[in-house]
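Peer 1:
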Amino acid sequence: MIRKVFLLLIATTIASAQETSISDALLIKKKLKTALNVNREFINKNVKDTLTAGEIWFVPNGMSIPNYMLRASREIERCNGKVHWMREIRGGRAALLKYEGEQGVYPLTEIRIVDSLWLPNSSKLAVVLAVRERNTLLRERPELLESLDFKYSLLIPSSRSELLVAGKKTNANIIPWIPMESREMIYSAEKKNQISISISNEKELAKKIDAALKRYDKVNGFAAFYGENFLAHQASMEKFGNVLKAKNLWFWDLSKRGSATLTNVECKKKRLKCHKSTLDASSEEEIKKALRTARIKGNNILLFELTEKSIELLKDLPSLAEKQGTILTFADEVF
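For the sequence shown, the numbering used here begins at 663 and goes up steadily by one.
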């Protein structure tokens with residue numbers, strides 16, 4: 663009787679060990695697929711050579727192949743496995759992976775990015791509504807903004823205190839709009855407060871900017887709608903760039919003709935945070951375009967003028983953004 667019990671215990675132990683071995687053999691693969699957010703897989707039964715993947719794992723966009731390779735390597739090592747080799751293929755849209763665990767070598771695996779599938783929060787889109795000088799919606803019908811149930815920013819002229827007061831009562835993030843000397847026609851209030859090319863030194867320029875920004879809360883940067891003359895003036899822009907750098911402020915160029923001396927290349931050389939846009943978004947197609955750009959580049963800004971039409975167009979934006987893994991955020995986070 664004792665002998666039978668002993669043999670039964672041995673048989674049970676062997677069976678348990680076999681089951682453990684099987685589960686151990688699958689453990690790395692299972693955990694690796696979880697770590698890589700594998701959406702689906704394809705088993706290739708017609709493997710003809712050593713460089714043909716036996717398994718293809720389809721993973722979401724929003725993370726580069728080098729990052730997927732790094733994550734795979736770390737997970738395999740964490741599970742006491744070993745990476746034989748990894749190689750980028752398909753123009754950087756996929757990778758081949760050869761690895762092993764304690765139970766042996768796993769099939770050659772291809773990790774392939776799916777363009778139509780996106781990781782959650784893999785890109786950012788900032789929505790900015792420009793409040794023009796004579797905007798009546800913000801003053802008279804601010805309740806319309808309550809339908810925008812997501813993070814957004816209001817771009818408000820520094821010379822319009824009544825608009826700023828109304829804007830601060832909303833849930834929006836406020837971006838200062840400071841006028842600069844321009845050949846475009848601007849309103850008298852903006853002309854009076856504009857930053858002129860006649861400013862002689864950086865100290866005076868910094869004082870002028872500070873006076874405009876002090877009306878706002880937690881300012882990390884500002885924009886200019888008007889400023890063609892100032893932004894094309896070499897000496898003025900040299901001082902301006904130094905002030906931006908000293909104060910660690912970003913600058914958003916919204917002038918029609920743009921800056922002749924503050925290009926993206928120059929900004930990078932001077933380590934400045936600059937962005938160039940124009941106020942031309944006015945349709946559903948512009949929203950789709952902004953989402954596509956955010957998905958490709960990782961972040962983007964959607965700029966609309968504050969109107970009833972733009973508010974109506976933006977109501978479906980949260981659901982569209984969620985489908986492609988884009989989070990809606992403030993402009994500060996994009997800059």
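By construction, the Cβ of each residue, glycine as well, lies at the ideal position given by its N, Cα and C atoms.
List the DSSP bridge partners of residue 749.
Peer 2: Bridge partners of residue 749: 758.
Peer 1: Would you tell me roughly how many angstroms separate the C-alpha atoms of residue 971 and residue 761, rounded to the nearest one?
Peer 2: Distance between the alpha carbons of residue 971 and residue 761 is about 55 Å.
Peer 1: What's the call for residue 685, buried or exposed, on a 16-neighbour Cβ count within 10 Å?
Peer 2: Any reading at residue 685 must be qualified, since the residue scores a pLDDT of 46, below 50, and its modelled position is unreliable; no value is offered.
Peer 1: So, residue 791 versus residue 825, is the Cβ gap smaller than 8 Å?
Peer 2: Contact: no.
Peer 1: Quick check: what's the CA-CA separation for residue 775 versus residue 732?
Peer 2: Their backbone Cα atoms lie some 15 Å apart in a straight line.
Peer 1: Count the other C-beta atoms from every protein chain shown that fall within 10 angstroms of the C-beta of residue 908, then say buried if there are 16 or more, exposed otherwise.
Peer 2: Classification for residue 908: exposed.
Peer 1: Between the Cα of residue 806 and those of 871, 831, 872, spot the shortest distance and give me the residue it belongs to.
Peer 2: Minimum Cα distance to residue 806 is reached at 831.
Peer 1: With a threshold of 6 Å on Cβ separation, who are the neighbours of residue 935 within its own chain once the five nearest residues in sequence on each side are excluded?
Peer 2: Around residue 935: 912, 997.
Peer 1: Check whether the Cβ atoms of residue 903 and residue 843 lie closer than 8 Å to each other.
Peer 2: No. Outside cutoff.
Peer 1: Throw me the rounded Cβ distance for the residue 771 and residue 697 pair, which I believe falls under 8 Å.
Peer 2: Going by Cβ atoms, the distance from residue 771 to residue 697 rounds to 13 Å, so no, they are not a contact pair.
Peer 1: Have a look at the DSSP bridge pairing and note the partners of residue 774.
Peer 2: Bridge partners of residue 774: 720, 756.
Peer 1: Is any heavy atom of the ligand ZN found at a distance shorter than 7 Å from the C-beta of residue 831?
Peer 2: Ligands displayed in this structure: none; no statement on the ligand ZN is therefore possible.
Peer 1: How far does the alpha helix (DSSP H) with residue 980 in it extend, from its first residue to its last?
Peer 2: Unbroken alpha helix (DSSP H) run through residue 980: 979 to 985.
Peer 1: Please look up how many angstroms separate the CB atoms of residue 788 and residue 993, rounded, as I've assumed it's under 8 Å.
Peer 2: Correct: roughly 4 Å between the Cβ atoms.
Peer 1: Which value, in whole angstroms, describes the spacing of the CA atoms of residue 874 and residue 820?
Peer 2: Each residue's alpha carbon lies about 6 Å from the other.
Peer 1: For the stretch 777 to 846, which segments carrying the beta strand (DSSP E) assignment without a break, of at least 3 residues, lie completely within its bounds, in sequence order?
Peer 2: You should have 785 to 792, 815 to 819, 835 to 839.
Peer 1: With a CB to CB cut of under 6 Å and the five nearest residues on each side skipped, what residues in its chain are close to residue 937?
Peer 2: Cβ within range, chain order: 914.
Peer 1: Decide if the stretch 983 to 992 is in contact with the stretch 777 to 786; the criterion is three or more beta carbon pairs, one per stretch, under 8 Å apart.
Peer 2: As far as the Cβ criterion goes, the stretch 983 to 992 touches the stretch 777 to 786, which means the pair count is three or higher.
Peer 1: Okay, do the stretch 719 to 737 and the stretch 746 to 759 touch, 3+ Cβ pairs below 8 Å being the bar?
Peer 2: With a cut-off of 8 Å, the stretch 746 to 759 and the stretch 719 to 737 count as touching, because enough Cβ pairs lie within range.
Peer 1: Going by CA-CA distance only, name the one from 795, 885, 917 that's closest to residue 969.
Peer 2: If we check each option's Cα against that of residue 969, 795 comes out closest.
Peer 1: What are the complete alpha helix (DSSP H) segments, minimum 4 residues, inside the stretch 855 to 899?
Peer 2: Counting only runs of 4 or more, we get 864 to 875, 890 to 893.
Peer 1: Among 870, 883, 812, 846, whose alpha-carbon lies nearest the alpha-carbon of residue 918?
Peer 2: Answer by Cα proximity: 846.
Peer 1: Does the beta-carbon of residue 744 have 16 or more other beta-carbons within 10 angstroms, so that it is buried, or is it exposed?
Peer 2: Residue 744 should be labelled exposed.
Peer 1: I need the straight-line Cα distance from residue 928 to residue 897, nearest angstrom please.
Peer 2: Near 14 Å, if we compare the C-alpha coordinates of residue 897 and residue 928.
Peer 1: Only counting the same chain, and skipping five residues up and downstream in sequence, which positions put a Cβ closer than 8 Å to that of residue 944?
Peer 2: Correct list, in chain order: 966, 967, 971, 972.
Peer 1: Is the beta carbon of residue 891 sitting closer than 8 Å to the one on residue 871?
Peer 2: Taking 8 Å as the Cβ cut-off, residue 891 and residue 871 do not qualify as a contacting pair.
Peer 1: On a CA-only basis, which of 822, 808, 786 is nearest residue 798? Give me that one, please.
Peer 2: Considering only alpha carbons, the answer is 822.
Peer 1: Got a sec? Which residues, its chain only, sit under 8 Å from residue 741 by beta carbon, not counting five neighbours each side?
Peer 2: Around residue 741: 689, 690, 693, 694, 763.
Peer 1: Using a 10 Å radius around the Cβ and a threshold of 16 neighbouring Cβ atoms, would you call residue 767 buried or exposed?
Peer 2: Exposed is the call here.
Peer 1: In chain order, what residues of the same chain lie with their CB nearer than 6 Å to the CB of residue 906, ignoring the 5 residues before and after it?
Peer 2: Excluding residues within five positions, the ones whose Cβ falls inside 6 Å are 913, 934.
Peer 1: DSSP beta-bridge partners for residue 963?
Peer 2: Residue 963 is bridged to 788.
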